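Just so you know, the sequences run in chain order A and B. Just so you know, the first sequence maps onto residues 199 to 405 in our numbering. Just so you know, the second sequence maps onto residues 165 to 435 in our numbering.
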Amino acid sequence: MSGFPPQSSSESAAAAREKLRDAMVRLAEGDSAALEEIYSSTRVKLFGICLRILGDRKEAEDALQDVYVNLWQNADRYDPDRASPISWLATFARNRAIDRLRTGKVRQGAVPVEEAAPLPDAAPLAEALLIDAEREAQIHKCLSALDDKAETYIRSAFFDGFTYAELAERADVPLGTMKSWIRRGLQKLRACLEASERETAEKGDVS
Amino acid sequence: MRGDTPIPDDAGERDDPMMAAEFSLGLLEGEELLAARGRLANDPEFAWRREWWDDWFVPLSDDVAGAEPGDHVWSAISSQVASSQVAGQAAGQTAKPASDGSGGVHTNVIDLQARVRRWQWVAGAASVAAALALALFLTAPGAAPLTSETPQIAANDAGEPLVAQVPIGETGLRLDVTYIPETEEMLVGAIGLAPDGVHDHELWLVPGDGSALQSLGVVTPGEVRRMALPQNIATNMADGVELVLTREPIGGKPEGVDAGPVVAQGSLGTV
Chain A
199 MSGFPPQSSS ESAAAAREKL RDAMVRLAEG DSAALEEIYS STRVKLFGIC LRILGDRKEA
259 EDALQDVYVN LWQNADRYDP DRASPISWLA TFARNRAIDR LRTGKVRQGA VPVEEAAPLP
319 DAAPLAEALL IDAEREAQIH KCLSALDDKA ETYIRSAFFD GFTYAELAER ADVPLGTMKS
379 WIRRGLQKLR ACLEASERET AEKGDVS
Chain B
165 MRGDTPIPDD AGERDDPMMA AEFSLGLLEG EELLAARGRL ANDPEFAWRR EWWDDWFVPL
225 SDDVAGAEPG DHVWSAISSQ VASSQVAGQA AGQTAKPASD GSGGVHTNVI DLQARVRRWQ
285 WVAGAASVAA ALALALFLTA PGAAPLTSET PQIAANDAGE PLVAQVPIGE TGLRLDVTYI
345 PETEEMLVGA IGLAPDGVHD HELWLVPGDG SALQSLGVVT PGEVRRMALP QNIATNMADG
405 VELVLTREPI GGKPEGVDAG PVVAQGSLGT V
């Protein structure tokens, strides 16, 4: 199976996004043919996410299979009015990969935090599959405003799927210290994100 | 880092939104993770907050490089879907429930409740057989392991719900466990049980392949709890698999300590 051609203009990105949303709705209605369409356009992104969390190709492929089979079984959980299909799918894939990590059967393949390098860019993402750019800028801005440690470890938890205990071990600090770094960070992060939501809402009121 | 340093668990303020963030990031494990899963299924406010964090964190995935999976992945997916369709038709299952748009989760709960009511009927008749089977087990000489009598553990391909009734001693009380393969959700009903303030009871799954017991969490007396099972546990939920209930300190089995005494057991079966 070959990939979809990359989308170049934002107009075709919007069209591709609509197409994906439509396929998700059809899947929820029981149309199994829609699954292939969804797989074609999202597998590269979702496999990237699984691979990053699980750190092992074989495991990530098993996880990916599990993601799409479960998607087929649970497509009715997707609410097309609420979320963009790709963010929903990315969250779904990440959560399944994390569940798999917590089984204890999978040895986490990820390298220590400090050495974590991005995977080679095996297949650049199509523009259509980028998640909301505005929110992306905002979460990055709020993360950057945190203390270095909080930012580093919150990012590492997201990207590498480490638990508190694993992060503490890797950073060689007591568990309580790691928890308090991250919790203080999460508290600030929440305040920052909520402030940005209020701003957006105010802007929305004006226009 | 050794685990012998006493660790204050109040490191940093921790309210519900914080716990939802920790859950969303995947920082939790063990009992905390199970507790968070239980909250997700039972507390709409907590579920909303978890989703709020998920939605904020997910744009970060754009920084993750994509990668191309092997071609065999799609073949495996399509054959699995095809076989589940065939099984679904054979079992006379209807199409997937349609979402009502505004509340997919609610539809799901209502659907679940309707189905549970349907099985409770059947369970009434089935419990006679279950009670007989248990009586046989209890009177078996030396309470020998059940291996010879254990029904063949069959993969639950048809996606039929599984139920187990776990009678608790001579009390006449019992735990009702229902598992819905389709959504990988489990309902644990402990109606009539009361907490003694000193112990908790933890439910375990005994995997058919002989691997280590998997915790299904601490039982909440007097309530029916619903929770989504992680995939590694869900795969082990099959016809004939045994469940055991152990008595533990409040909060469940502590890390690194043997489980407490088994106070009740039962096995999953279709009805």
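From the three backbone atoms N, C-alpha and C, an ideal C-beta is built for every residue, glycine too. In this text, all values refer to a predicted model and were calculated from it rather than measured experimentally.
Simplified DSSP assignment, three categories, for residue i
i             : result
residue 391/B : strand
residue 300/A : coil
residue 350/B : strand
residue 186/B : helix
residue 342/B : strand
residue 364/B : strand
residue 379/B : strand
residue 397/B : helix
residue 435/B : coil
residue 294/B : Note that residue 294/B scores a pLDDT of 45, beneath 50, so its modelled location is shaky; the value from the coordinates is reported in the next line. Helix at residue 294/B.
residue 389/A : helix
residue 221/B : helix
residue 305/B : Below a pLDDT of 50, predicted positions are generally treated as unreliable, and residue 305/B, at 40, falls in that range; the measurement from the model is reported next regardless. The answer is helix: DSSP assigns residue 305/B an H, G or I state.
residue 355/B : coil
residue 332/A : helix
residue 283/A : helix
residue 357/A : helix
residue 230/A : coil
residue 237/A : helix
residue 276/A : coil
residue 235/B : helix
residue 384/B : coil
residue 267/A : helix
residue 244/A : helix
residue 421/B : coil
residue 193/B : coil
residue 260/A : helix
9 Å Cβ cutoff met for residue i and residue j
i             : j             : result
residue 382/B : residue 369/B : no
residue 241/B : residue 270/A : yes
residue 228/B : residue 250/A : yes
residue 184/A : residue 226/A : Because residue 184/A is not part of the residues shown, which for chain A are 199 to 405, the question remains open.
residue 300/A : residue 394/B : yes
residue 336/A : residue 285/A : no
residue 339/B : residue 354/B : yes
residue 435/B : residue 327/B : yes
residue 298/A : residue 252/A : yes
residue 225/B : residue 292/A : yes
residue 437/B : residue 407/B : For chain B, the structure presents residues 165 to 435; residue 437/B sits outside this window and is missing.
residue 362/B : residue 352/B : no
residue 241/A : residue 232/B : yes
residue 392/B : residue 348/B : yes
residue 521/B : residue 195/B : Past the edges of chain B, shown from 165 to 435, lies residue 521/B, and the structure says nothing about it.
residue 288/A : residue 244/A : yes
residue 379/B : residue 198/B : yes
residue 246/B : residue 210/B : no
residue 247/A : residue 214/A : no
residue 362/A : residue 204/B : no
residue 217/A : residue 234/A : no
Which residues DSSP lists as bridging residue i, in chain order
i             : result
residue 407/B : 369/B and 430/B
residue 372/A : Bridge partners of residue 372/A: none, in fact.
residue 332/B : 337/B
residue 412/B : 364/B
residue 384/A : Per DSSP, none; premise fails for residue 384/A.
residue 327/B : 342/B and 433/B
Under 7 Å from the C-beta of residue i: neighbouring residues of chain A
i             : result
residue 346/B : 271
residue 234/B : 259
residue 350/B : Per Cβ cutoff of 7 Å: no residues; residue 350/B is ~14 Å from chain A at best.
Chain-ordered neighbours of residue i on chain A, where CB pairs are closer than 9 Å
i             : result
residue 382/B : Those do not exist, as residue 382/B stays about 17 Å from chain A at its closest Cβ, beyond 9 Å.
residue 178/B : 377 and 381
residue 395/B : 261, 264, 268, 294, 297, 298 and 301
Chain-ordered chain A contacts of residue i [CB-CB under 8 Å]
i             : result
residue 206/B : Residues of chain A passing the Cβ test: none, with the nearest at roughly 17 Å.
residue 238/B : 199, 234, 237 and 241
residue 247/B : Those do not exist, as residue 247/B stays about 10 Å from chain A at its closest Cβ, beyond 8 Å.
Residue i: contacting residues in chain B (beta-carbon distance under 7 Å)
i             : result
residue 289/A : 218 and 222
residue 398/A : Result: empty, since nearest Cβ-Cβ is about 12 Å, beyond 7 Å.
residue 250/A : 228
heavy atom of the ligand MG below 8 Å from residue i C-beta
i             : result
residue 188/B : As presented, the structure is devoid of all ligands, the ligand MG included, so that no description of it is given.
Chain B contact residues for residue i, given Cβ-Cβ distances below 8 Å
i             : result
residue 355/A : 189, 190 and 191
residue 334/A : 223, 224 and 226
* Stretch-stretch touch, CB-based, cutoff 8 Å, three pairs: the segment 214 to 222 of chain B with the segment 181 to 196 of chain B -> The segment 214 to 222 of chain B vs the segment 181 to 196 of chain B: in contact.
* **Sufficient close CB pairs (3 or more, under 8 Å) joining the segment 250 to 259 of chain A to the segment 280 to 289 of chain A** => Inter-segment contact for the segment 250 to 259 of chain A and the segment 280 to 289 of chain A is absent: fewer than three beta-carbon pairs are separated by less than 8 Å.
* To do: Report yes or no: do the segment 344 to 359 of chain A and the segment 376 to 392 of chain A share at least 3 C-beta pairs separated by less than 8 Å?
  => The count of Cβ pairs closer than 8 Å, one atom from the segment 344 to 359 of chain A and one from the segment 376 to 392 of chain A, reaches three, so the stretches are in contact.
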